[in-house]
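**Q** What follows is a structure written as structure tokens; I'll ask about it next.
Numbering (this note's numbering), first residue to last: 40 to 205.
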């Protein structure tokens with residue numbers, strides 16, 4: 040006779056397996072590909088890991104509950120001078136959870152801003168090296184500036200706050 044489980048029973052077994060295999064929080068490296076702040080204050084993320092050829096090799100849903108997000112958001116900004124956003128590589132402390140109705144997700148408990156700062160510095164170095172290899176890194180240094188600039192160009196939309204400030 041076949042062993043038949045209901046979907047809810049199967050999901051409870053998966054939930055129990057995850058709790059048994061990963062009972063504690065762990066640190067995970069990932070890239071944020073999507074971030075949405077809910078009106079209730081919760082933050083929902085899509086996290087990925089990319090291979091050497093930039094193809095996605097793993098994906099998970101992340102959640103930062105509002106009580107944690109209220110602390111992590113300003114903490115991360117004060118340490119990095121940037122907001123959590125798509126495209127950032129992050130080192131996050133997570134608890135893996137499986138809910139019978141909503142499925143698998145990573146509940147984010149903490150973030151290490153030093154990791155992201157290091158990733159941004161590496162990306163900057165990579166871009167500088169690429170510009171040097173293409174021979175365009177020092178192009179503007181060949182131009183002489185007037186002692187007192189006579190003209191200034193503002194490239195912006197007319198409704199931008201910076202344009203109004205200028």
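By construction, the Cβ of each residue, glycine as well, lies at the ideal position given by its N, Cα and C atoms.
Could you pull the DSSP bridge partners for residue 66 from this structure?
**A** DSSP lists 132 as partners of residue 66.
**Q** Since residue 95 sits in a beta bridge, which residues does DSSP pair it with?
**A** BP columns for residue 95 point to 89.
**Q** Taking just the CA atoms, how far does residue 147 sit from residue 106?
**A** Going by the C-alpha atoms only, they are around 11 Å apart.
**Q** Between the C-alpha atoms of residue 124 and residue 184, what's the straight-line distance to the nearest angstrom?
**A** Using only the alpha carbons, I get a separation of about 37 Å.
**Q** In terms of residue numbering, what span does the beta strand (DSSP E) encompassing residue 148 cover?
**A** Segment 142 to 150, the beta strand (DSSP E) holding residue 148.
**Q** For residue 173, which residues in the same chain have their Cβ closer than 6 Å to its Cβ, ignoring the five residues on either side in sequence?
**A** Cβ within range, chain order: n/a, list empty.
**Q** Return the residue from the list 143, 110, 104 and 66 that minimises the CA-CA distance to residue 98.
**A** The option with the nearest alpha carbon to residue 98 is 143.
**Q** Cα-Cα, which of 101, 145, 153 and 190 is closest to residue 120?
**A** Closest by alpha carbon: 153.
**Q** Cα separation between residue 181 and residue 175?
**A** Each residue's alpha carbon lies about 11 Å from the other.
**Q** Taking the alpha-carbon of residue 113 as reference, which of 150, 69, 163 and 45 has the nearest alpha-carbon?
**A** The shortest Cα separation from residue 113 among 150, 69, 163 and 45 belongs to 150.
**Q** Report the option in 166, 139, 163 and 179 whose CA atom is closest to the CA atom of residue 45.
**A** That would be 139, whose Cα lies nearest to the Cα of residue 45.
**Q** Just to confirm before moving on: does the CB-CB distance between residue 53 and residue 145 stay below 9 Å?
**A** Contact: no.
**Q** On the CB-based measure, 16 or more other CB atoms within 10 Å of its CB, does residue 82 come out buried or exposed?
**A** Label assigned to residue 82: buried.
**Q** Taking 9 Å as the threshold (C-beta atoms), are residue 61 and residue 131 in contact?
**A** For residue 131 and residue 61, no; Cβs fall outside 9 Å.
**Q** My understanding is that residue 133 touches residue 64, with C-beta atoms under 8 Å, so please give their C-beta distance in whole angstroms.
**A** Confirmed, Cβ separation roughly 6 Å.
**Q** Rounded to a whole number of angstroms, what is the C-alpha to C-alpha distance between residue 51 and residue 42?
**A** Looking at the two C-alpha atoms, the distance is approximately 16 Å.
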